[in-house]
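**Student:** Dumping the structure here so I can ask a few things about it.
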Amino acid sequence: MTMKASDYLRSPYFNASDFGDRSENWTIVGVSEEIIGRDDPTKKPVLELSDGNGRIDPRRLILNKTNLRTLAKAFGDDMKSWVGRPIRICSVPVTVRGEPTRGTRVMPGAVAVREPVRAATSGGQSVPDDKIPF
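The sequence shown begins at 5 in this note's numbering and counts up one residue at a time.
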């Protein structure tokens, strides 16, 4: 059995660095309330999520006020009704206590990922597509 230090250092919660510069599709599979913080413990809503393959991630997403308002506006006030709803999560630049950093943002819905469309070529030259879809 391989033991990795990183397995013991991993947070039980998602943070902005988990998403880098990409957004990811997730499905809400559970909503709960947890006490967060050491110095000033506060009850916060927390999401349990599954990835695009249906695997439940052991990490949870703490909802700050911005993300909570976004999801409440999209899905309604009853957070239990959010279960089964798709969301996208990304990392964005934010300012916290006057310092620039990265924050996590949620968006309702999921985006289909597909291959980019490439123009047809003829002898290295692009061929215009004159078809007008009516």
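Even for Gly, the Cβ is constructed at its ideal location relative to N, Cα and C.
In this text, all values refer to a predicted model and were calculated from it rather than measured experimentally.
1. Would you mind stating whether S15 and R63 have Cβ atoms separated by less than 8 Å?
2. Are the beta-carbon atoms belonging to N19 and T99 less than 8 Å from one another?
3. Should I93 go down as buried or exposed, given a rule of 16 or more other Cβ atoms within 10 Å for buried?
4. Tell me the rounded alpha-carbon separation between L72 and T6.
5. Ordered along the chain, which non-local residues of its own chain (more than five positions away) have a Cβ less than 7 Å from that of V121?
6. May I have the straight-line CA-CA distance separating G152 from P49, to the nearest angstrom?
7. In the DSSP assignment, what are the bridge partners of T105?
8. For the alpha helix (DSSP H) holding D11, just list the boundary residues, first then last.
9. Quick one: grab the DSSP three-state call for R73.
10. List the DSSP bridge partners of G34.
11. Cα separation between Y12 and D61?
**Tutor:** According to the structure shown:
1. yes
2. no
3. buried
4. 39 Å
5. A caution first: V121 carries a pLDDT of 44, below 50, which makes its placement in the model unreliable, though a value can still be read off. If we look at V121 and ignore the five residues flanking it on each side, it has no Cβ neighbours.
6. Here the chain covers residues 5 to 138 and nothing more, so residue 152 does not appear.
7. V98
8. A9 to L13
9. helix
10. E52
11. 16 Å
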